[in-house]
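*Asks:* Before I ask anything, let me first share the structure, which is written out below as structure tokens.
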Amino acid sequence: MDEARPRDLIDAPADPPTVVRGAVGQDAARRGFSLDPGQEPAVLALDALAGRLDAPAPDALSGLYLWGPVGRGKTWLMDVFLATVAGSGGSGCVRVHFHDFLRRLHGERFHRGSIDAALDAILGEARLVCFDEFHVHDAGDAMLVARAVRVLDERGVRVVLTSNYPPSGLMPSPAYHHLFVPTIDLLTARLDVVEIGGDRDHRRSPSEDLRGFRGGAFVWPATDARLAAAGLARPEPAEATTVRVGSREHPVLALRDAIVWLGFEHWCAGRTAVSDVLHLADRYGSVVLDGVPALSARAPDTGQRFANLVDVLCDRDVPLHVLAHQDPDETLRRHGEEGVALDVERTASRLALLRRLGPVPVGR
């Protein structure tokens, strides 16, 4: 599939501005690392886009589609870009995580009756929209996303998308992929598709920063001593209660101040939605997920709910404690081609941010 360059970037000056490159370099130095060669094409493209934002808006969707393996810095580069253009006087800039965007799009469309009205409510008159973790797996979501992309195209909105998938990898199900091909063609015709490569998963680099999501732990098996090392104590049966999300009461094992203690069977094997987890992330300061089994023996949608829960809490920077029966690798191990979650690599990368509290290997 040919990937045409958008008209917004065709006439880029020979010497593009370097404001994003400077901001990226400063932020990398503050964090104690240097820019990867695999990130260079994205920085160049983001700098070129920053130089176009004060020009008249194009008459069609334009911008960047940044994709690559997990942990290569896509979200970081996009966030530095957004902070730079907003901090230099830019206005009308909106950032959304794609899970949250889909939740709100479904809800606003239901209440307002149309995709146009839903996008007005979510994005307002934004001239730049940054979508983090863009993906399409569900057929129902695919049709909604297709309509939303067409509306954004009609409005001439500039966008930056980050994804673990190239455009051709969106909606991978063979049964439904052909229905999403027109949207893929539109994205590749309008956006500059840039791959962020490199061999290094930056999330797996050691860090002493234990704030937010990194403040959680992956604990296996969850003995009292290991729970104590994580700052936890197992709840008593009498602590079981419920939390209300919309019109539904969801069971939880305990509520302790800002900590909500979840059971795996209900929250991952039951009929819960991303919107339910988003509610928890908005309401509680820390989440414990108890009783996590090896996912290879469970239904694929169970693994996907687990992946979604990790995604949402990582994006919202809410500490997550995973209490499992086995180590992280065995929890996520694929058995054959079925897989346990569509985004198992991304899930593994994000779980690597957590402290690991398990048996000391023999010989250590």
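Numbering of the sequence shown is given in the numbering used here, commencing with residue 280 and proceeding in unit increments.
Glycine residues also receive a C-beta, built at the ideal position from the N, C-alpha and C atoms.
When the Cα atoms are used, what is the spatial distance from residue 458 to residue 519?
*Replies:* Position 179 of the sequence shown, counted from the start, is the residue given in the question as residue 458. Position 240 of the sequence shown, counted from the start, is the residue given in the question as residue 519. Computed Cα separation, rounded: 45 angstroms.
*Asks:* How long is the line joining the alpha carbons of residue 449 and residue 346, rounded to whole angstroms?
*Replies:* For the purposes of this step, residue 449 is taken as the residue at position 170 of the sequence shown. For the purposes of this step, residue 346 is taken as the residue at position 67 of the sequence shown. Their Cα atoms are separated by approximately 11 angstroms.
*Asks:* Going by the beta-carbon positions, is the gap between residue 636 and residue 492 smaller than 8 angstroms?
*Replies:* Position 357 of the sequence shown, counted from the start, is the residue given in the question as residue 636. Position 213 of the sequence shown, counted from the start, is the residue given in the question as residue 492. Their beta carbons are not under 8 angstroms apart, which means residue 636 does not touch residue 492 by this criterion.
*Asks:* CB-CB under 8 angstroms to residue 431, same chain, minus the five flanking residues each way: which ones, in chain order?
*Replies:* On the sequence shown, residue 431 is found 152 positions in, with the first residue counted as 1. Correct list, in chain order: 340, 398, 408 and 438.
*Asks:* Comparing alpha-carbon positions, which option in 318, 317, 601 and 307 lies nearest residue 633?
*Replies:* The sequence position of residue 633 within the sequence shown is 354, counting from 1. Closest by alpha carbon: 601.
*Asks:* Just how far apart, CA to CA, sit residue 619 and residue 337?
*Replies:* On the sequence shown, position 340 is the one that residue 619 refers to. On the sequence shown, position 58 is the one that residue 337 refers to. Any reading at residue 619 needs caution, since the residue's pLDDT is 42, under 50, leaving its predicted position unreliable; the model's value is listed next. If I take the Cα positions, the gap works out to 42 angstroms.
*Asks:* Work out the CA separation of residue 316 and residue 516 for me, nearest whole Å.
*Replies:* Stepping through the sequence shown from its first residue, residue 516 is reached at position 237. Stepping through the sequence shown from its first residue, residue 316 is reached at position 37. Near 53 angstroms, if we compare the C-alpha coordinates of residue 316 and residue 516.
*Asks:* According to the neighbour-count rule (16 or more other Cβ atoms, all chains shown, within 10 Å of its Cβ), is residue 629 buried or exposed?
*Replies:* One-based indexing of the sequence shown puts residue 629 at position 350. Buried.
*Asks:* 8 angstroms is my cut-off, CB to CB: does residue 381 come that close to chain D?
*Replies:* Protein chains in the displayed structure number just one, and chain D is not present.
*Asks:* Would you check if the distance between the CB atom of residue 570 and the CB atom of residue 542 is smaller than 8 angstroms?
*Replies:* If you number the sequence shown from 1, residue 570 lands on position 291. If you number the sequence shown from 1, residue 542 lands on position 263. It is a contact, given that the beta carbons lie within the stated cut-off.
*Asks:* Kindly list the residues whose CB is nearer than 8 angstroms to the CB of residue 297, restricted to its own chain and excluding five residues on each side of it in sequence; keep chain order.
*Replies:* Mapped onto the sequence shown, residue 297 falls at position 18. The residues are 326.
*Asks:* Whose C-beta lies closer than 6 angstroms to the C-beta of residue 302 among residues of the same chain, with five residues either side of it excluded?
*Replies:* The count along the sequence shown starts at 1 and reaches residue 302 at position 23. The residues are 359 and 363.
*Asks:* What span of residues does the alpha helix (DSSP H) with residue 467 cover, start to end?
*Replies:* Position 188 of the sequence shown, counting from 1, holds the residue named residue 467. First-last of the alpha helix (DSSP H) with residue 467: 456 to 469.
*Asks:* Mind reading off the beta-carbon distance from residue 567 to residue 559? Whole number of angstroms is fine, and I expect it under 8 angstroms.
*Replies:* Position 288 of the sequence shown holds residue 567. Position 280 of the sequence shown holds residue 559. Not a contact, Cβ separation roughly 11 angstroms.
*Asks:* Count the other CB atoms, across all protein chains shown, that sit within 10 Å of the CB of residue 589; report buried if there are 16 or more and exposed otherwise.
*Replies:* The residue labelled residue 589 in the question sits at position 310 within the sequence shown. With 16 or more Cβ atoms within 10 Å of its Cβ, residue 589 is classed as buried.
*Asks:* I'd like to know whether the C-beta atoms of residue 436 and residue 406 end up nearer to each other than 8 angstroms.
*Replies:* As a working mapping, residue 436 is identified with position 157 in the sequence shown. As a working mapping, residue 406 is identified with position 127 in the sequence shown. Yes. Within cutoff.
*Asks:* Between which two residues does the alpha helix (DSSP H) harbouring residue 394 extend?
*Replies:* Here the question's residue 394 lines up with position 115 in the sequence shown. 394 to 402 is the span of the alpha helix (DSSP H), which, as asked, contains residue 394.
*Asks:* Just to confirm the assignment, what range does the beta strand (DSSP E) spanning residue 633 have?
*Replies:* Against the sequence shown, residue 633 aligns to sequence position 354. Looking at the DSSP string, residue 633 is not in any beta strand (DSSP E), and its letter there is neither H nor E.
*Asks:* For residue 494 and residue 564, what's the separation of their Cα atoms in angstroms?
*Replies:* Here the question's residue 494 lines up with position 215 in the sequence shown. Here the question's residue 564 lines up with position 285 in the sequence shown. Approximately 11 angstroms, taken between the alpha carbons.
*Asks:* With a CB to CB cut of under 6 angstroms and the five nearest residues on each side skipped, what residues in its chain are close to residue 545?
*Replies:* Reading the sequence shown from its first residue, position 266 is the one you call residue 545. So the qualifying residues of the chain are 530.
*Asks:* Do residue 379 and residue 511 count as a contact pair if the criterion is CB distance below 8 angstroms?
*Replies:* As a working mapping, residue 511 is identified with position 232 in the sequence shown. As a working mapping, residue 379 is identified with position 100 in the sequence shown. Not a contact, by the Cβ cut-off of 8 angstroms.
*Asks:* Rounding to the nearest angstrom, what Cα-Cα distance links residue 396 and residue 308 in this structure?
*Replies:* The residue given as residue 396 occupies position 117 in the sequence shown. The residue given as residue 308 occupies position 29 in the sequence shown. Approximately 43 angstroms, taken between the alpha carbons.
*Asks:* Can you name the residues that DSSP bridges to residue 599?
*Replies:* On the sequence shown, residue 599 is found 320 positions in, with the first residue counted as 1. Looking at the DSSP assignment, residue 599 forms a beta bridge with 566.
*Asks:* Considering only the alpha carbon of each residue, which of 420, 523 and 312 lies closest to residue 394?
*Replies:* As a position in the sequence shown, residue 394 is number 115, starting the count at 1. Nearest of 420, 523 and 312 to residue 394, Cα basis: 420.
*Asks:* What ranges does the beta strand (DSSP E) occupy inside the stretch 339 to 366, keeping only unbroken runs of at least 3 residues that lie completely in it?
*Replies:* DSSP runs (the beta strand (DSSP E)) wholly in the stretch 339 to 366: 341 to 346.
*Asks:* With a threshold of 16 other CB atoms inside 10 Å of the CB of residue 555, please say whether the residue is buried or exposed.
*Replies:* Working through the sequence shown from its first residue, we reach residue 555 at position 276. It counts as buried.
*Asks:* Using the Cβ count rule (16 or more neighbours within 10 Å means buried), how would you classify residue 350?
*Replies:* If you number the sequence shown from 1, residue 350 lands on position 71. Label assigned to residue 350: buried.
*Asks:* Between which two residues does the alpha helix (DSSP H) holding residue 593 run?
*Replies:* In the sequence shown, residue 593 corresponds to position 314, counting from 1. Residues 579 to 594.
*Asks:* One question on the structure: do residue 467 and residue 353 come within less than 8 angstroms of each other, judged by their Cβ atoms?
*Replies:* The residue you call residue 467 lines up with position 188 of the sequence shown. The residue you call residue 353 lines up with position 74 of the sequence shown. In this structure, residue 353 does not lie closer than 8 angstroms to residue 467 by Cβ.
*Asks:* Quick one: grab the DSSP three-state call for residue 376.
*Replies:* Locating residue 376 in the sequence shown gives position 97, where the first residue counts as 1. Looking at residue 376 - three-state DSSP - the assignment turns out to be strand.
*Asks:* Residue 587: which of 306, 377 and 361 sits nearest, CA to CA?
*Replies:* Taking the sequence shown and counting its residues from 1, one reaches residue 587 at position 308. The shortest Cα separation from residue 587 among 306, 377 and 361 belongs to 377.
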